[in-house]
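K.L.:
Position 251 of the sequence shown, counting from 1, maps to 251 under full-length UniProt numbering, and the rest follow consecutively.
Beta carbons: idealized from backbone N, C-alpha and C, even for Gly.
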Amino acid sequence: MKYFLLFIVFLNTLIFAEPKFLMPEEAFKATAHLKKRCTIGATIELGQDIYLYQSKVSAKIVEKNSGIVIDRLVLPEGVEHDGEKVYLTSPSIDIALAKTRELDEIVPITLVLSYQGCSEQGLCYEPMETTFNFDIETSALILKEATPAAPKKSPITVSETDRITQTFIEGNVPLILLTFFTFGLLLSLTPCIFPMIPILSSIIVAQGKNMNARRGFTLSLVYVLSMSLAYTIAGVLAGLFGGNIQIAMQNPWVISTFALLFVGLAVSMFGYFKIGLPSSWQTRLTKSSEKAGSKGGYIGVVIMGFLSALIVGPCVAPPLAGALVYIGQSGDALLGGAALFVLSIGMGIPLLLIGTGAGKYMPRPGGWMDTVSHIFGVVMLAIAIWMLGRILPPSVSMLLWAALLIILSIYMGALESLQGHHKGIKPFLKGLAIMMLAYGFILFYGALKGETNPLAPISAEAPSALSEKTSSALAFKTIHSAEELDVILAESKGKKVMLDFYADWCSSCKELDEITFKDPAVIQSLNDYVLVRADVTADSEAEKALTKRFGLFGPPAMIFFDESSAVIKGGDLIGFKNAEDFLSHIKTLETK
């Protein structure tokens, strides 16, 4: 009985005892450190039976005019608890910084981290703040548009580029490389890689009788590795120094020279002359290459692969932009460069398959070889015209396409009689030649009438005068500098603004104009927007400064401003988007 009474007393004590709550400094311990040169990593350690509200975590910089702002507050996803997202374990937070103007090399800042949580035992703590002091190296910071809006907290809507940059910040190297290889495979289906297919194919055709599947694969691999190396070097330099080599190569002199090179290759494939080194050099190279177990020719493939990456395909897509932003922010050229390299390898996989297949199924020596060489000679001329289309007026470009089709159709016998050849492939080729001749004259007529689209050389209406540079159905105001943009933003207070970065040499930009911006639903969705086009074709200093202002590395890109003319955080679009994806993005912006 005595022990039973003692047990009752003990149980009563447990039931009616006051729970022991942790002191605030025991329940929450916040620490922070410079994780990267432009990213602060913070952790809030939680005591026993403590949880933290995700929505109550925020950060701010005390100094209002320091020139340094919080660009992104990246929070992990919480779990549901009584209808709220909370953290049951200590969360790790990334605070990405940016600058709103050029600053001294080192700028001190005071960072305040705010948070609030509760105890599972029923006590909710008052909101808490912890202050940290940092000396920030400003050279690594991305230059961003100044905005009074506070950084959005997680779960936040971030742009594709920001999401990819966050992948780097998480630091899982195998996952990063695998992700970028997958991105590369997806990019291989875009117009960026298409011009390289005939270039590689012509290289394989030029090998003639020495070609087989193994050598086709080897040549393709050398081409892809050279292309990947060029992408990597250009990307790392762009990330570290803020200048895009690919864009710098898009000036008329470089493009004209490279187009002339393709014309020379075409003439060579027509059999008028052969491009080669002096015989004494060829003998030495052949002996050296035979010792290495090859048949030679790799040096030319390396050069062509390198130049193709820099000049032929200057595409900026979200994965590339994300890697460049990470390199610029962190200075980690090793990881960023590795990601760009595997991205390029992924882009080159179709080239490897095509090159290997071309090597395997190449016609054996004979008359077929001459025909195939002539076909690829025409392809080389087409690439030359396509490249010149970046710098020539659209009507002149259409005239060149017309000339190519007309001359080619005559060469194929469009104006000759079949002379009794009514069977076999001759009638088919003649019919094809007549169609090409007709389309060539249609292109010629369309160019004289002022049309600009070779795929629609005769339109039902006169060309739209809404845009000076493109045939887009949207009415853009064209600018070339930050000063012009500021004037338009000041005039557009109370209205939303879309800023589209465009260049004549950007194939994805033209694809946006011809496909996305002509979609009726897209046009309607932008009725309430002031549409501004930053034409960066010339890559002038003013255009470079405008691009750098938004942390971009090239077109196409779209920046969105709210009614107060502030940039909508996480609202930018990089690369080509079809109408469906674009409309989905516009709807997302309406909820912000």
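#1: Give the DSSP bridge partners of Ala30, in chain order.
#2: Assign Ala447 to buried or exposed, taking buried as 16 or more other Cβ atoms, counted over all protein chains shown, within 10 Å of its Cβ.
#3: If the criterion is Cβ atoms closer than 7 Å, does the pair Ala534 and Phe501 meet it?
#4: Give the secondary structure of Ala414 by DSSP, where H, G and I count as helix, E and B as strand, and everything else as coil.
#5: Is the beta carbon of Leu88 closer than 7 Å to that of Tyr51?
#6: Are the beta-carbon atoms of Tyr53 and Val86 separated by less than 7 Å?
#7: How would you write the range of the beta strand (DSSP E) that Gly117 sits in, first residue to last?
#8: Excluding the 5 residues flanking Gly571 on each side, which residues of the same chain have their C-beta closer than 6 Å to its C-beta?
#9: Can you tell me whether Ile586 is buried or exposed, with buried defined as 16 or more other CB within 10 angstroms of its CB?
#10: Just confirm the distance between the C-beta atoms of Ser139 and Glu105, as a whole number of angstroms; I'd bet it's less than 8 Å.
#11: With DSSP as the reference, label Glu580 as helix, strand or coil.
#12: How would you call Pro394, buried or exposed, if buried means at least 16 neighbouring beta carbons within 10 angstroms?
#13: Please determine, among Ser344, Thr31, Leu177 and Ile95, the residue with the shortest C-alpha to C-alpha distance to Arg72.
#14: Of all the options Met498, Leu261 and Phe441, which has the alpha carbon lying nearest to the alpha carbon of residue 593?
#15: I need the DSSP call for Thr130, collapsed to helix, strand or coil.
#16: With DSSP run on the structure shown, which of helix, strand or coil describes Asp513?
#17: Count the other CB atoms, across all protein chains shown, that sit within 10 Å of the CB of Tyr411; report buried if there are 16 or more and exposed otherwise.
#18: Less than 7 Å between the beta carbons of Leu334 and Met398, yes or no?
#19: Measuring straight from C-alpha to C-alpha, what distance separates Ala465 and Leu340?
#20: Run through the segment 525-549 for me and flag every whole alpha helix (DSSP H) of 4 or more residues, listed as ranges in chain order.
#21: The beta strand (DSSP E) that contains Tyr502, what's its start and end?
#22: In whole angstroms, what is the alpha-carbon distance linking Leu573 and Phe582?
#23: Does Pro108 come out as helix, strand or coil in the three-state DSSP assignment?
#24: What residues in its chain sit with their C-beta under 6 Å from that of Gly264, if we drop five residues either side in the sequence?
#25: Do you know whose CA, among Ser481, Trp505 and Asn527, lies nearest Leu546's CA?
#26: Between which two residues does the beta strand (DSSP E) holding Ile458 run?
#27: Pull the bridge partners of Leu143 from the DSSP assignment, please.
#28: Can you name the start and end residues of the alpha helix (DSSP H) that Leu429 belongs to?
#29: Between which residues of its own chain and Ile488 is the CB-CB distance below 8 Å, once the five residues before and five after are set aside?
#30: Taking the beta strand (DSSP E) that Ala557 falls in, what are its first and last residues?
#31: Roughly how many angstroms lie between the CA atoms of Ser344 and Gly122, to the nearest whole one?
#32: Given a cut-off of 7 Å on the beta-carbon distance, is the pair residue 593 and Phe262 in contact?
#33: DSSP on Thr478, reduced to helix/strand/coil?
#34: For a quick check, are the C-beta atoms of Val236 and Gly337 less than 7 Å apart?
#35: Counting along the chain, where does the beta strand (DSSP E) carrying Tyr87 start and finish?
#36: DSSP on residue 593, reduced to helix/strand/coil?
P.N.:
On the basis of the supplied data:
#1: Ile44
#2: buried
#3: yes
#4: Three-state DSSP puts Ala414 in coil, outside helix and strand.
#5: yes
#6: Between Tyr53 and Val86, the gap from beta carbon to beta carbon is short of 7 Å.
#7: Gly117 to Ser119
#8: Apart from sequence neighbours up to five positions away, the residues of its chain that approach Gly571 with a beta-carbon distance below 6 Å are Phe560 and Leu589, ordered along the chain.
#9: With 16 or more Cβ atoms within 10 Å of its Cβ, Ile586 is classed as buried.
#10: 6 Å
#11: helix
#12: buried
#13: Ile95
#14: Any answer about residue 593 is impossible in this case: the structure gives the chain only from 1 up to 592.
#15: Thr130 falls in the strand class under three-state DSSP.
#16: helix
#17: exposed
#18: no
#19: Unreliable positioning characterises Ala465 in this predicted model, as indicated by a pLDDT of 40, which lies under 50. The coordinate reading is nonetheless provided below. Approximately 40 Å, taken between the alpha carbons.
#20: 541-549
#21: Lys496 to Tyr502
#22: 9 Å
#23: Per DSSP, reduced to three states, the secondary structure at Pro108 is strand.
#24: none
#25: Ser481
#26: That residue, Ile458, is in no beta strand (DSSP E); it is neither H nor E in DSSP.
#27: Lys99
#28: Lys426 to Leu448
#29: Lys477, Ile479, Val497, Val530 and Val532
#30: Unbroken beta strand (DSSP E) run through Ala557: Ala557 to Phe561.
#31: 55 Å
#32: Missing from the structure shown is residue 593; the chain here goes from 1 to 592 and no further.
#33: strand
#34: It is a contact, given that the beta carbons lie within the stated cut-off.
#35: Glu84 to Tyr87
#36: With the chain covering 1 to 592 only, the question about residue 593 has no answer from this structure.
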